[in-house]
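Q: All residue numbers for the sequence shown refer to our numbering, where the first residue is 3 and numbers rise by one.
Dropping the structure in here first, questions after.
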Amino acid sequence: RSDDMLKVSGIWVSPFEVEATLVQHPAVLEAAVIGVTDKDGLTKTKAFVVVKQGARATDEQLKSFVKDRLAPYKYPRAIEFVDELPKTATGKIQRFKLREREAAGQ
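Encoded structure:
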């Protein structure tokens, strides 16, 4: 959806493309990507990642994984590991809840 597109360094980025790449990593079960504004007012991508049970991954490993597969400006600048992603009753990820959580500084 066009309203989910992020403008990062003046270039449009699809969070879905970054998510699809992250879930190709063998340790990643699910991922959701949102835009966050840094202290300079610039939008950066942030990924919320759920790892598979018994698997391990570091944020640097996942950043490298994305950089190797997509244009360098698309990799998530921040990665937060979470136990689960907020979803609707039908299983759709609720990115707005992640944005609200980020805005609240949680």
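Glycine included, each C-beta is placed from N, C-alpha and C at the ideal position.
May I ask which residues mark the beginning and end of the beta strand (DSSP E) holding lysine 174?
A: Outside the shown range of the chain, which is 3 to 108, sits residue 174, and nothing can be said about it.
Q: Would you report the Cα separation of valine 20 and valine 35, rounded to the nearest angstrom?
A: Approximately 7 Å, taken between the alpha carbons.
Q: Near valine 25, what residues of its chain come up, given a Cβ to Cβ distance below 6 Å and the 5 sequence neighbours on each side ignored?
A: If we look at valine 25 and ignore the five residues flanking it on each side, its Cβ neighbours are Ala33.
Q: If you count every other CB in all the chains shown that lies within 10 Å of the CB of isoleucine 81, and 16 or more means buried, which is it?
A: It is buried - the Cβ of isoleucine 81 has at least 16 other Cβ atoms within 10 Å.
Q: Out of Arg101, Gly43 and Val84, point me to the one whose CA is closest to threonine 60's CA.
A: Looking at the Cα atoms, Val84 is the closest of the given residues.
Q: Could you check which residue in Ile13, His27, Gly37 and Leu31 has the C-alpha nearest to that of arginine 97?
A: Ranking the options by Cα distance to arginine 97, first place goes to Gly37.
Q: Please report the straight-line C-alpha distance between proline 17 and lysine 65, rounded to a whole angstrom.
A: Roughly 14 Å separates the two Cα atoms.
Q: Could you check the C-alpha separation between histidine 27 and aspartate 42 for me, to the nearest Å?
A: So the two alpha carbons sit approximately 31 Å from each other.
Q: Assuming threonine 23 is part of the alpha helix (DSSP H), what are its boundary residues?
A: Note, threonine 23: alpha helix (DSSP H), 17-24.
Q: Which first and last residues belong to the beta strand (DSSP E) in which leucine 31 is found?
A: Here the beta strand (DSSP E) through leucine 31 covers 30-39.
Q: Please classify glutamate 86: does DSSP put it in a helix, a strand, or coil?
A: Coil.
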